[in-house]
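> Just so you know, the numbering used here puts 141 at position 141 of the sequence shown, and the rest follows in order with no gaps. Cβ atoms here follow ideal geometry from the backbone N, Cα and C, with glycine treated the same way. For clarity, every value in this text was computed on a predicted model and none was experimentally measured. First the structure, which I've put down as structure tokens, then a few questions once you've had a look.
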Amino acid sequence: MRSQRFLFVAILACFLVTIKSTPLSDISDSNESTSVDEKTQKRPDDDSEFDGFPFREDDDSLQDSSREMSVQDHNWDVLIFTQQWPVTTCYHWREENPDQECSLPQKKEFWTIHGIWPTKLHQMGPSFCNNSANFDPNKLNPIEDRLETFWPDLKGMDSTEWLWKHEWQKHGTCAMLVEELDNELKYFEQGLTWREEYIMSRILDASDIHPDSNNTVAAINNAIVKALGKNPSIHCLYDGKHGISYLSEIRICFSKSLELIDCDGIEQGDAVPVGVPGGTIITNCHIGSLVHYPSLVPPLQRKSHWKLPLVNVYKLLQFLMWFTL
Numbered sequence: 001m002r003s004q005r006f007l008f009v010a011i012l013a014c015f016l017v018t019i020k021s022t023p024l025s026d027i028s029d030s031n032e033s034t035s036v037d038e039k040t041q042k043r044p045d046d047d048s049e050f051d052g053f054p055f056r057e058d059d060d061s062l063q064d065s066s067r068e069m070s071v072q073d074h075n076w077d078v079l080i081f082t083q084q085w086p087v088t089t090c091y092h093w094r095e096e097n098p099d100q101e102c103s104l105p106q107k108k109e110f111w112t113i114h115g116i117w118p119t120k121l122h123q124m125g126p127s128f129c130n131n132s133a134n135f136d137p138n139k140l141n142p143i144e145d146r147l148e149t150f151w152p153d154l155k156g157m158d159s160t161e162w163l164w165k166h167e168w169q170k171h172g173t174c175a176m177l178v179e180e181l182d183n184e185l186k187y188f189e190q191g192l193t194w195r196e197e198y199i200m201s202r203i204l205d206a207s208d209i210h211p212d213s214n215n216t217v218a219a220i221n222n223a224i225v226k227a228l229g230k231n232p233s234i235h236c237l238y239d240g241k242h243g244i245s246y247l248s249e250i251r252i253c254f255s256k257s258l259e260l261i262d263c264d265g266i267e268q269g270d271a272v273p274v275g276v277p278g279g280t281i282i283t284n285c286h287i288g289s290l291v292h293y294p295s296l297v298p299p300l301q302r303k304s305h306w307k308l309p310l311v312n313v314y315k316l317l318q319f320l321m322w323f324t325l
């Protein structure tokens, strides 16, 4: 009877040690690269290890306050077209919450669309301009496959439709002021058109800026200006734990006639125009530091709690044998 009790206790102890010492699963380190799940995403707080989360345009508090405004000037000056580097976004989410899953596109060097945001010069917004323009996913059937590829939600297919609904209600309903974007299909199709015309990986590659490299913000800006002839807005996430800036988003701007223009004068959250020799760079990145353009989501920085070396397991079993004698 005593030996059976010892056997049971020993098996239970080994089982518990095995559970405690098993590390959390990594997100698959797929090769590359976009947005937000209403219920599960942990948003960065002011004391987050990551700084400069782009635009914070998906902040629920901003959505609510925008909806509550009874009178709002829905006019705007420019359209901000944002492409996102998904590897950086996934790394940020996972460091904020190790259990956060993220679905990266399979294709290498793949930038995806974050949004098209009508914006007033030197202001944020407008947003939620037409409450009667409800989102109808069926209207996107002709381009749904392309949207799933180029305008996906990194949290997976289950939340992608929520992302499209959010982008349409908050931004698309304001873009309706121009005929070329005055319905749901036109709005999303225009994003796909710009994504095909301004493939950011090719633009950077033409200036020898590739994933898994470190570059100055000036070099990134010069590469885009060289290709487009217009000033972009360049956004980074700063990992305060490891002292690394990661390339996160690149935004280019269009007029109401859908012509490419400089992004000068747009309000970009924490991005500011910085004077450099030869011009101005609009960015929230550290001008004096290198920016990392990651090719893979870096390994999860795990804590060592609950990991017991094998010798400790042996000592535990010896103790249990003595205890049950």
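Rounded to the nearest angstrom, what separates Trp-76 and Phe-128 at their Cα positions?
13 Å
> Would you tell me roughly how many angstroms separate the C-alpha atoms of Phe-81 and Asp-99, rounded to the nearest one?
For Phe-81 and Asp-99, the distance between alpha carbons rounds to 30 Å.
> Which residues in the same chain as Gly-265 place their Cβ atom closer than 7 Å to its Cβ, once the five residues preceding and following it in sequence are excluded?
Around Gly-265: Leu-121, His-122.
> Using the Cβ count rule (16 or more neighbours within 10 Å means buried), how would you classify Ser-201?
buried
> Would you give the residue range spanned by the alpha helix (DSSP H) that Ser-233 belongs to?
Careful: Ser-233 lies outside any alpha helix (DSSP H), inside the beta strand (DSSP E) at 233-239.
> Three or more beta-carbon pairs under 8 Å between the stretch 274-289 and the stretch 226-243, yes or no?
yes
> Do Arg-195 and Ile-261 have their C-beta atoms within less than 8 Å of each other?
Not a contact, by the Cβ cut-off of 8 Å.
> Per DSSP, what kind of secondary structure is His-210 in: helix, strand or coil?
coil
> With burial defined as no fewer than 16 other Cβ atoms inside 10 Å of the residue's Cβ, what is the status of Thr-193: buried or exposed?
With fewer than 16 Cβ atoms within 10 Å of its Cβ, Thr-193 is classed as exposed.
> Note down the Cα distance separating Asp-239 from Ile-252, rounded to an integer number of angstroms.
25 Å
> Using 8 Å as the threshold, is the stretch 85-102 in touch with the stretch 150-163, meaning 3 or more CB pairs across them?
yes
> Mind checking Phe-106: buried by the 16 CB within 10 Å criterion, or exposed?
According to the sequence displayed, residue 106 carries Gln and not Phe. Classification for Gln-106: exposed.
> If the criterion is Cβ atoms closer than 8 Å, does the pair Gln-83 and Trp-111 meet it?
Taking 8 Å as the Cβ cut-off, Gln-83 and Trp-111 qualify as a contacting pair.
> Taking the straight line between their C-alpha atoms, what separation do you get for Gly-104 and Val-274?
Note on identity: in this sequence residue 104 is Leu, with Gly being the wrong assignment. CA-to-CA, the gap between Leu-104 and Val-274 works out to about 32 Å.
> Which class does Gln-169 belong to by DSSP, given the choice of helix, strand or coil?
helix
> With a 10 Å radius around its C-beta and 16 neighbouring C-beta atoms as the bar for buried, classify Glu-179 as buried or exposed.
Under this definition Glu-179 is an exposed residue.
> Phe-188 by DSSP, collapsed to three states: which one?
Here Phe-188 carries a helix assignment [DSSP, helix/strand/coil].
> Answer yes or no: do Glu-161 and Pro-137 have a C-beta to C-beta separation smaller than 8 Å?
yes
> Name the residue from Val-217, Pro-142, Glu-249, Phe-188 whose alpha carbon lies nearest to the alpha carbon of Val-353.
In this structure the chain extends from 1 to 325, so residue 353 is not present and cannot be described.
> Using only the alpha-carbon positions, how far apart do Asn-222 and Ile-203 sit?
10 Å
> Going by DSSP, which residues form a beta bridge with Pro-118?
Leu-79
> Using only CA atoms, which one of Arg-146, Gly-115, Glu-101, Gly-125 lies nearest to His-74?
Gly-125
> Check for me: the beta strand (DSSP E) holding Cys-253 runs from which residue to which?
244-254
> Can you tell me which of Ile-287, Asp-270, Ile-220, Gln-190 puts its alpha carbon nearest to the alpha carbon of Leu-147?
Gln-190
> Considering just the uninterrupted stretch of the alpha helix (DSSP H) at His-92, what are its terminal residues?
86-96
> Residues in the same chain with beta-carbon distance under 7 Å from Gln-169, minus the five sequence neighbours each way, listed in chain order, please.
Phe-128, Phe-135
> Measure the C-alpha to C-alpha separation of Gln-220 and Leu-181 and round it to an integer number of angstroms.
Before going on, a small fix: residue 220 reads as Ile here, not Gln. A direct Cα-to-Cα measurement between Ile-220 and Leu-181 gives close to 30 Å.
> Taking C-alpha atoms, which residue in Asp-145, Ser-207, Gly-115 lies nearest to Leu-330?
Any question about residue 330 goes unanswered here, given that the chain covers just 1 to 325.
> Please state the DSSP three-state secondary structure of Ile-199.
coil
> Which residues in the same chain have their Cβ closer than 7 Å to the Cβ of Asn-130, if we skip the five residues on either side of it in sequence?
Thr-173, Met-176
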